[in-house]
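> Please see the structure below; I have some questions.
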Amino acid sequence: LAKTTQPISMDSYEGQEVNITCSHNNIATNDYITWYQQFPSQGPRFIIQGYKTKVTNEVASLFIPADRKSSTLSLPRVSLSDTAVYYCLVGDMGYGGSQGNLIFGKGTKLSVKP
Amino acid sequence: EAGVTQFPSHSVIEKGQTVTLRCDPISGHDNLYWYRRVMGKEIKFLLHFVKESKQDESGMPNNRFLAERTGGTYSTLKVQPAELEDSGVYFCASSQYDGTDQSGNTIYFGEGSWLTVV
Numbered sequence: 002l003a004k005t006t007q008p009i010s011m012d013s014y015e016g017q018e019v020n021i022t023c024s025h026n027n028i029a030t031n032d033y034i035t036w037y038q039q040f041p042s043q044g045p046r047f048i049i050q051g052y053k054t055k056v057t058n059e060v061a062s063l064f065i066p067a068d069r070k071s072s073t074l075s076l077p078r079v080s081l082s083d084t085a086v087y088y089c090l091v092g093d094m095g096y097g098g099s100q101g102n103l104i105f106g107k108g109t110k111l112s113v114k115p
Numbered sequence: 002e003a004g005v006t007q008f009p010s011h012s013v014i015e016k017g018q019t020v021t022l023r024c025d026p027i028s029g030h031d032n033l034y035w036y037r038r039v040m041g042k043e044i045k046f047l048l049h050f051v052k053e054s055k056q057d058e059s060g061m062p063n064n065r066f067l068a069e070r071t072g073g074t075y076s077t078l079k080v081q082p083a084e085l086e087d088s089g090v091y092f093c094a095s096s097q098y099d100g101t102d103q104s105g106n107t108i109y110f111g112e113g114s115w116l117t118v119v
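Sequence lines, in order, name chains A and B. Residues 2 to 115 in the working numbering are what the first sequence spells out, letter by letter. Residues 2 to 119 in the working numbering are what the second sequence spells out, letter by letter.
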């Protein structure tokens, strides 16, 4: 399972776009990239998942370059309620893979200020 | 649709006692996972059920931990006897993925069961 590296913390202001980059140099061919959000005293909440190029849903976008050695989670127009820890995870979540042994790092603590 | 539910949300027990945590996955999800975060550490994988079978239990710390999923629905995680270092939050998660399509496996977490051993 590939190890990930992401900034320990980030600060932003309400209304700004926030981009959190994660590096995963040892990503394997079958690995997917998944981002979770976690608030204090709550479980991790799935945000977005992708394999390559760009994925967008109602809350975020995920940009993955061609070499897949990094990925960027983009949160448009953040609000105070987006203050949380964001985890980037990489693992073989596809056919025949480990399907669940997610490796959580320390995550990125995002602080959104008024 | 109800999410992953866990019970109890909080538990305080004495060292040497037994605690049983319960997890109800999202309806229809064959995959059920247990994770935990002990004090000051990162979230760690414990084990993975596919229906009632243990697919991967490589993360179980020792034989004081017993996970079951009879009937392939809800799961229990029993800690017997509990030790101080077992204090932390235990997360259950579930997913529907069966390994046959081309999309990734989306895993949904519960809110956790917070265990304090004193």
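Glycine included, each C-beta is placed from N, C-alpha and C at the ideal position.
1) Measuring only the C-alpha atoms, how far is P8 (chain A) from Y91 (chain B)?
2) Should the segment 28–39 of chain A be regarded as contacting the segment 11–30 of chain B, the criterion being three or more beta carbon pairs within less than 8 Å?
3) Run through DSSP, which three-state label would E58 (chain B) get?
4) What does the alpha-carbon distance come out to for the pair G73 (chain B) and D31 (chain B)?
5) My output table needs one value for G16 (chain A): the three-state DSSP class, helix, strand or coil.
6) Measuring CA to CA, which of A:S42, A:P115, A:I28 is closest to V79 (chain A)?
7) What residues are listed by DSSP as bridge partners for Y52 (chain A)?
8) Taking 7 Å as the threshold (beta carbon to beta carbon), is P45 (chain A) in contact with chain B?
9) Answer yes if the segment 10–25 of chain A comes into contact with the segment 81–90 of chain B, meaning at least three C-beta pairs across the two stretches below 8 Å, and no otherwise.
10) Compare the beta carbon distance of L47 (chain B) and M61 (chain B) with 7 Å and say whether it is the shorter of the two.
11) By a C-beta neighbour count over all protein chains shown, 10 Å radius and 16 as the cutoff for buried, is T30 (chain A) buried or exposed?
12) Output yes or no for whether 7 Å exceeds the beta carbon distance between V113 (chain A) and S42 (chain A).
13) Ignore the nearest five residues each way along the sequence and tell me which others in T54 (chain A)'s own chain have a CB closer than 7 Å to its CB.
14) Cutting at 8 Å between CB atoms, please list the residues of its own chain near T117 (chain B), excluding the five before and the five after it.
15) Give the secondary structure of S82 (chain A) by DSSP, where H, G and I count as helix, E and B as strand, and everything else as coil.
16) Can the beta-carbon of G111 (chain B) be found closer than 7 Å to that of G44 (chain A)?
17) Can you tell me whether DSSP reads G89 (chain B) as helix, strand or coil?
18) In chain order, what residues of the same chain lie with their CB nearer than 6 Å to the CB of Y88 (chain A), ignoring the 5 residues before and after it?
19) Could one say the Cβ of F40 (chain A) lies closer than 7 Å to chain B's Cβ atoms, at least one of them?
20) Where does the unbroken beta strand (DSSP E) through F64 (chain A) begin, and where does it stop?
Let's see:
1) One-based indexing of the first sequence puts residue 8 (chain A) at position 7. One-based indexing of the second sequence puts residue 91 (chain B) at position 90. Taking the straight line from one Cα to the other gives about 25 Å.
2) no
3) Counting from one through the second sequence, the residue named residue 58 (chain B) turns up at place 57. In this structure, E58 (chain B) counts as coil in the three-state DSSP scheme.
4) On the second sequence, position 72 is the one that residue 73 (chain B) refers to. On the second sequence, position 30 is the one that residue 31 (chain B) refers to. So the alpha carbons of these two residues sit roughly 7 Å apart.
5) As a first step, residue 16 (chain A) is located in the first sequence; it is residue number 15 there, counting from the start. Looking at G16 (chain A) - three-state DSSP - the assignment turns out to be coil, as it is neither helix nor strand.
6) In the first sequence, the residue the question calls residue 79 (chain A) occupies position 78. Nearest C-alpha to V79 (chain A): A:P115.
7) The sequence position of residue 52 (chain A) within the first sequence is 51, counting from 1. None, per the DSSP bridge assignment.
8) What you label residue 45 (chain A) is simply residue 44 of the first sequence in a count that begins at 1. At least one chain B Cβ lies under 7 Å of P45 (chain A).
9) no
10) Numbered from 1 along the second sequence, position 46 holds the residue referred to as residue 47 (chain B). Numbered from 1 along the second sequence, position 60 holds the residue referred to as residue 61 (chain B). Yes.
11) As a first step, residue 30 (chain A) is located in the first sequence; it is residue number 29 there, counting from the start. That one is exposed.
12) For the purposes of this step, residue 113 (chain A) is identified with residue 112 of the first sequence, where counting begins at 1. For the purposes of this step, residue 42 (chain A) is identified with residue 41 of the first sequence, where counting begins at 1. No, these two residues do not count as a Cβ contact at 7 Å.
13) Within the first sequence, numbered from 1, the residue matching residue 54 (chain A) stands at position 53. Once the five neighbours on either side are set aside, the close Cβ partners of T54 (chain A) are I65.
14) Taking the second sequence and counting its residues from 1, the one referred to as residue 117 (chain B) is at position 116. If we look at T117 (chain B) and ignore the five residues flanking it on each side, its Cβ neighbours are H11, S12, V13, I14, S88.
15) Residue numbering aside, residue 82 (chain A) sits at position 81 when the first sequence is read from its first letter. Note: S82 (chain A) maps to helix in three-state DSSP.
16) Here residue 111 (chain B) refers to the residue found at position 110 when the second sequence is read from its first residue. Here residue 44 (chain A) refers to the residue found at position 43 when the first sequence is read from its first residue. Taking 7 Å as the Cβ cut-off, G111 (chain B) and G44 (chain A) qualify as a contacting pair.
17) In the second sequence, counting from the first residue as 1, residue 89 (chain B) sits at position 88. It is a strand residue.
18) For the purposes of this step, residue 88 (chain A) is taken as residue 87 along the first sequence, with counting starting at 1. Closer than 6 Å at Cβ, skipping near neighbours: Y37, F105, G108.
19) Translated into positions along the first sequence, residue 40 (chain A) becomes position 39. Chain B, which has no Cβ nearer than 7 Å to the Cβ of F40 (chain A), makes this no.
20) Working through the first sequence from its first residue, we reach residue 64 (chain A) at position 63. First-last of the beta strand (DSSP E) with F64 (chain A): 62–65.
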